[in-house]
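K.L.:
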Amino acid sequence: MSSPRPDAPIGIFDSGVGGLSILRAIRQQLPDEDILYLADQAHVPYGLRSLLEVRAFSTGITRYLLEQDVKLIVVACNAASAAALRYLRATFPDIPTVGMEPAVKPAAEQTNSGVVGVLATPATFQGELYASVIERFAQGVTVLQHTCPGLVDEIEAGRVNGVETRRILEHAVQPMLAQGLDTVVLGCTHYPFVIPLIQEIVGTDVRVIDPAPAIARQTARLLDQFELRSTSSDAGKTRYLTTGNPIMFASLLDGLLGESGEVWQVSWGKEITADERG
Ligand code: DGL
255 MSSPRPDAPI
265 GIFDSGVGGL
275 SILRAIRQQL
285 PDEDILYLAD
295 QAHVPYGLRS
305 LLEVRAFSTG
315 ITRYLLEQDV
325 KLIVVACNAA
335 SAAALRYLRA
345 TFPDIPTVGM
355 EPAVKPAAEQ
365 TNSGVVGVLA
375 TPATFQGELY
385 ASVIERFAQG
395 VTVLQHTCPG
405 LVDEIEAGRV
415 NGVETRRILE
425 HAVQPMLAQG
435 LDTVVLGCTH
445 YPFVIPLIQE
455 IVGTDVRVID
465 PAPAIARQTA
475 RLLDQFELRS
485 TSSDAGKTRY
495 LTTGNPIMFA
505 SLLDGLLGES
515 GEVWQVSWGK
525 EITADERG
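According to this note's numbering, the sequence shown holds residues 255 to 532 in order.
Dropping the structure here:
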């Protein structure tokens with residue numbers, strides 16, 4: 255691989271639209287960077303798959319993004335980070351890589367009640383990364399955890415405020431509330447899209463931690479460290495790719511970020527142009 259170029263885009267990937275919560279924060283922090291976003295919607299959800307399978311997808315996507323000449327990769331997916339972050343850094347040492355880990359550290363620092371709740375998918379809870387985060391940062395704090403079965407599917411369908419979405423969240427959060435939680439950590443990048451609903455359920459006294467701003471700051475730090483800030487005067491564009499249905503993705507883009515954008519379909523290594531799609 256040749257060394258990353260400052261004027262190349264930042265590559266961001268997730269199993270689906272969850273990484274858009276990270277993209278939004280990165281664009282706020284780094285408005286003058288081009289971004290290439292890849293949603294692996296042919297394989298969403300990742301959270302119910304084995305770590306080995308998610309690692310294989312993450313490796314394939316990383317290779318693909320490198321072929322597209324990205325200068326830095328953001329693994330905007332907790333499940334993929336749990337399954338593959340260490341492996342990706344070892345396999346592709348020349349590309350700076352930012353990954354997700356549940357924000358237990360700030361939660362443990364900020365809690366008053368000493369009870370913190372983590373919401374994430376099974377894959378994230380299984381990974382070594384989560385165990386190490388708990389070991390490093392949760393001393394003296396009670397950490398409760400809960401999966402939210404079906405929530406990623408609801409968000410992928412754009413139902414951020416639906417009856418089923420509320421039911422799933424209440425089921426996850428109410429037992430934690432009963433145990434005195436005052437801080438909720440979102441350990442899945444899809445979940446920030448339902449923060450208003452979570453906040454409605456837990457009340458305004460409970461803090462909900464969205465990791466996206468911290469990930470955006472870390473991305474900026476790495477760009478500085480590797481001298482990779484864009485120098486181009488017309489940068490700041492985002493290009494979207496999905497392995498799923500580009501029309502569906504475009505409508506989610508509108509629903510979740512309130513923007514329209516051209517979405518390209520990719521199937522491992524092969525990009526289908528708008529013309530070929532007909
Ligand atoms: N958004 C992802 C995460 O942060 C993956 C969710 C899924 O596909 O299950 O874990």
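A virtual CB, placed ideally from N, CA and C, is assigned to each residue, including glycine.
Can you check whether the CB of glycine 371 is closer than 8 Å to the CB of valine 448?
P.N.:
No, Cβ-Cβ distance for valine 448 and glycine 371 is not below 8 Å.
K.L.:
Can you tell me the Cα-Cα spacing of alanine 336 and threonine 458, whole angstroms?
P.N.:
So the alpha carbons of these two residues sit roughly 30 Å apart.
K.L.:
Count the other C-beta atoms from every protein chain shown that fall within 10 angstroms of the C-beta of isoleucine 501, then say buried if there are 16 or more, exposed otherwise.
P.N.:
It is exposed - the Cβ of isoleucine 501 has fewer than 16 other Cβ atoms within 10 Å.
K.L.:
Any heavy atom of ligand 2 inside 7 Å of the beta-carbon of alanine 333?
P.N.:
Annotation note on ligand 2: not contained in the displayed structure, which lists ligand 1 as its ligands.
K.L.:
What did DSSP end up calling phenylalanine 346 once you bin it into helix, strand or coil?
P.N.:
Of the three classes helix, strand and coil, the one that applies to phenylalanine 346 here is coil, per DSSP.
K.L.:
In the structure shown, what three-state DSSP assignment does arginine 278 receive?
P.N.:
Looking at arginine 278 - three-state DSSP - the assignment turns out to be helix.
K.L.:
Pull up the distance between the alpha-carbon of glutamate 408 and that of histidine 400, whole angstroms please.
P.N.:
Computed Cα separation, rounded: 17 Å.
K.L.:
Glycine 314 lies in the alpha helix (DSSP H); which residues open and close that run?
P.N.:
Glycine 314 -> alpha helix (DSSP H) spans 305-321.
K.L.:
Which same chain residues, not among the five before or five after arginine 471, have their C-beta less than 8 Å away from its C-beta?
P.N.:
Gln283.
K.L.:
Given isoleucine 280, which residues of its chain have a CB within under 6 Å of its CB, disregarding the five upstream and five downstream residues?
P.N.:
If we look at isoleucine 280 and ignore the five residues flanking it on each side, its Cβ neighbours are Ala470, Thr473.
K.L.:
Can you tell me which of the three DSSP states alanine 337 falls into?
P.N.:
Helix at alanine 337.
K.L.:
Should glutamine 295 be labelled buried (16 or more other beta-carbon atoms within 10 Å of its own) or exposed?
P.N.:
It is buried - the Cβ of glutamine 295 has at least 16 other Cβ atoms within 10 Å.
K.L.:
In this structure, does DSSP put phenylalanine 480 in helix, strand or coil?
P.N.:
It is coil, neither helix nor strand.
K.L.:
Excluding the 5 residues preceding and the 5 following leucine 451 in the sequence, name in chain order all residues of the same chain whose CB lies nearer than 8 Å to its CB.
P.N.:
Result list for leucine 451: Val414, Asn415, Thr419, Arg420, Leu423, in chain order.
K.L.:
Are the segment 473-488 and the segment 301-313 touching, with three or more C-beta to C-beta distances below 8 Å?
P.N.:
With a cut-off of 8 Å, the segment 301-313 and the segment 473-488 do not count as touching, because too few Cβ pairs lie within range.
K.L.:
Can you determine whether any heavy atom of ligand 1 sits closer than 7 Å to the C-beta of valine 352, and answer yes or no?
P.N.:
Checking every heavy atom of ligand 1 against the Cβ of valine 352, none is found closer than 7 Å.
K.L.:
Check each candidate in Asp348, Val462, Leu383, Ala392 and name the one with the smallest Cα separation from methionine 354.
P.N.:
For methionine 354, the nearest C-alpha among the options comes from Leu383.
K.L.:
Going by DSSP, which residues form a beta bridge with isoleucine 289?
P.N.:
Bridge partners of isoleucine 289: Ile264, Thr492.
K.L.:
Would you grab the beta carbon distance between asparagine 332 and glycine 441 for me? Rounded to a whole angstrom, and I think it's under 8 Å.
P.N.:
Contact holds; Cβ gap of about 5 Å.
K.L.:
Look up valine 352 in the DSSP assignment and say whether it is helix, strand or coil.
P.N.:
If DSSP states are grouped into helix, strand and coil, valine 352 belongs with the strands.
K.L.:
Would you mind working out which of Leu342, Asp348, Ile327, Tyr300 sits nearest serine 256, comparing C-alpha positions?
P.N.:
The shortest Cα separation from serine 256 among Leu342, Asp348, Ile327, Tyr300 belongs to Asp348.
K.L.:
In three-state terms, what does DSSP make of leucine 431?
P.N.:
It is helical.
K.L.:
Take serine 487 as the anchor and find which of Ala362, Glu287, Phe267 has the nearest alpha-carbon.
P.N.:
When only C-alpha atoms are compared, the closest one is Glu287.
K.L.:
Cβ of valine 448 versus every heavy atom of ligand 1: is any distance shorter than 7 Å?
P.N.:
Not so, every heavy atom of ligand 1 lies at least 7 Å from the Cβ.
K.L.:
Given this structure, state the Cα-to-Cα distance separating leucine 274 from leucine 495, to the nearest angstrom.
P.N.:
C-alpha separation (whole angstroms): 12 Å.
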